[in-house]
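K.L.:
Residue numbers (this note's numbering): 6 to 174.
Quick reminder that beta carbons are idealized off the backbone N, C-alpha and C, glycines included.
None of the values given here were measured: they were computed from a predicted structure.
Have a look at the structure that comes next, please.
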């Protein structure tokens with residue numbers, strides 16, 4: 006299955022929210038990538054689709070840190086829990102958003118805006134939390150900041166929203 010990568014990764018997909026989302030995630034403790042499954046006609050993606058999206062989305066961050074894809078091993082994430090909704094996911098990343106390694110003041114209004122931009126109401130979502138032992142990029146965050154990994158699929162348009170917490174000082 007092929008993926009179209011956009012937001013934080015660059016491609017031909019145009020979204021008016023990209024610049025605003027970039028600004029809202031800048032300096033926070035959460036990395037976010039969005040990936041769209043090509044040819045998705047709606048419906049659930051299943052665990053395997055989430056795994057492939059997480060692995061593909063992580064490549065951008067590995068490239069940022071190591072300047073090459075090959076300098077880091079990407080394993081297979083293990084699903085920890087199916088989550089009820091994007092609200093549950095956002096509640097799990099909120100602390101990291103407001104408390105990054107190098108404090109950058111982020112307001113509750115900004116966090117709420119992120120939620121509204123990423124997860125419009127009236128849609129159906131599939132949400133999971135994942136292990137953090139499948140890529141060495143998470144090793145940096147285990148030092149003291151903490152780590153985490155989440156995926157949310159908008160089953161109506163095939164867009165994955167992926168969250169990675171991997172930072173350290």
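(1) Who are the Cβ neighbours of residue 56 in its own chain at under 7 angstroms, not counting the five residues just before and after it?
(2) Report buried or exposed for residue 125, applying the criterion of at least 16 other Cβ atoms within 10 angstroms of its Cβ.
(3) Taking the Cβ atom as the reference point for each residue, do residue 165 and residue 40 lie within a distance shorter than 8 angstroms?
(4) With a cut-off of 8 angstroms, do at least 3 Cβ pairs link the region 148 to 163 to the region 120 to 134?
(5) In chain order, which continuous runs of the alpha helix (DSSP H) of length 4 or greater are located wholly inside the region 111 to 142?
(6) Could you tell me which residues DSSP puts in a beta bridge with residue 88?
(7) In the DSSP output, which residue or residues are listed as bridge partners for residue 158?
(8) Tell whether a beta-carbon distance below 8 angstroms holds between residue 60 and residue 171.
(9) Could you pull the start and end residues of the alpha helix (DSSP H) that residue 148 belongs to?
(10) Buried or exposed: which applies to residue 91, given that a residue is buried once 16 or more other Cβ atoms fall within 10 Å of its Cβ?
(11) What residues are listed by DSSP as bridge partners for residue 79?
(12) Is residue 112 buried or exposed, if buried means 16 or more other CB atoms sit within 10 Å of its CB?
(13) For residue 54, count neighbouring C-beta atoms within 10 Å of its own C-beta (all shown protein chains included) and say buried if the count is 16 or more, exposed if not.
(14) Given a cut-off of 8 angstroms, decide if residue 84 and residue 52 are closer than it, judged by their beta-carbon atoms.
(15) Pull up the distance between the alpha-carbon of residue 146 and that of residue 120, whole angstroms please.
(16) Do you know how far the Cα of residue 153 is from the Cα of residue 168?
P.N.:
On the basis of the supplied data:
(1) Indexing the chain shown from 1 puts residue 56 at position 51. The answer, listed in chain order, is 81, 82.
(2) Looking up residue 125 in the chain shown gives position 120. Burial call: exposed.
(3) Numbered from 1 along the chain shown, position 160 holds the residue referred to as residue 165. Numbered from 1 along the chain shown, position 35 holds the residue referred to as residue 40. Contact: yes.
(4) Yes, they touch.
(5) If we require 4 residues or more, the alpha helix (DSSP H) runs fully inside the region 111 to 142 come out as 113 to 123.
(6) Within the chain shown, numbered from 1, the residue matching residue 88 stands at position 83. According to DSSP, residue 88 bridges with 132.
(7) Mapped onto the chain shown, residue 158 falls at position 153. Partner(s): 131, 165.
(8) Position 55 of the chain shown holds residue 60. Position 166 of the chain shown holds residue 171. No, Cβ-Cβ distance for residue 60 and residue 171 is not below 8 angstroms.
(9) Counting from 1 along the chain shown, the entry for residue 148 is found at position 143. First-last for residue 148: undefined, no H or E at that position.
(10) In the chain shown, residue 91 corresponds to position 86, counting from 1. Label assigned to residue 91: buried.
(11) As a working note, residue 79 is residue 74 in the chain shown. Partner residues in the beta bridge of residue 79, as assigned by DSSP, are 140.
(12) Taking the chain shown and counting its residues from 1, one reaches residue 112 at position 107. Result: exposed.
(13) Taking the first residue of the chain shown as 1, we reach residue 54 at position 49. Classification of residue 54: buried, given that the 10 Å Cβ count is 16 or more.
(14) Stepping through the chain shown from its first residue, residue 52 is reached at position 47. Stepping through the chain shown from its first residue, residue 84 is reached at position 79. Between residue 52 and residue 84, the C-beta spacing is below 8 angstroms.
(15) On the chain shown, residue 146 is found 141 positions in, with the first residue counted as 1. On the chain shown, residue 120 is found 115 positions in, with the first residue counted as 1. Rounded to the nearest whole angstrom, the C-alpha separation of residue 146 and residue 120 is 24 angstroms.
(16) Counted from its first residue, the chain shown places residue 168 at position 163. Counted from its first residue, the chain shown places residue 153 at position 148. If you draw a straight line from the Cα of residue 168 to the Cα of residue 153, it comes to about 8 angstroms.
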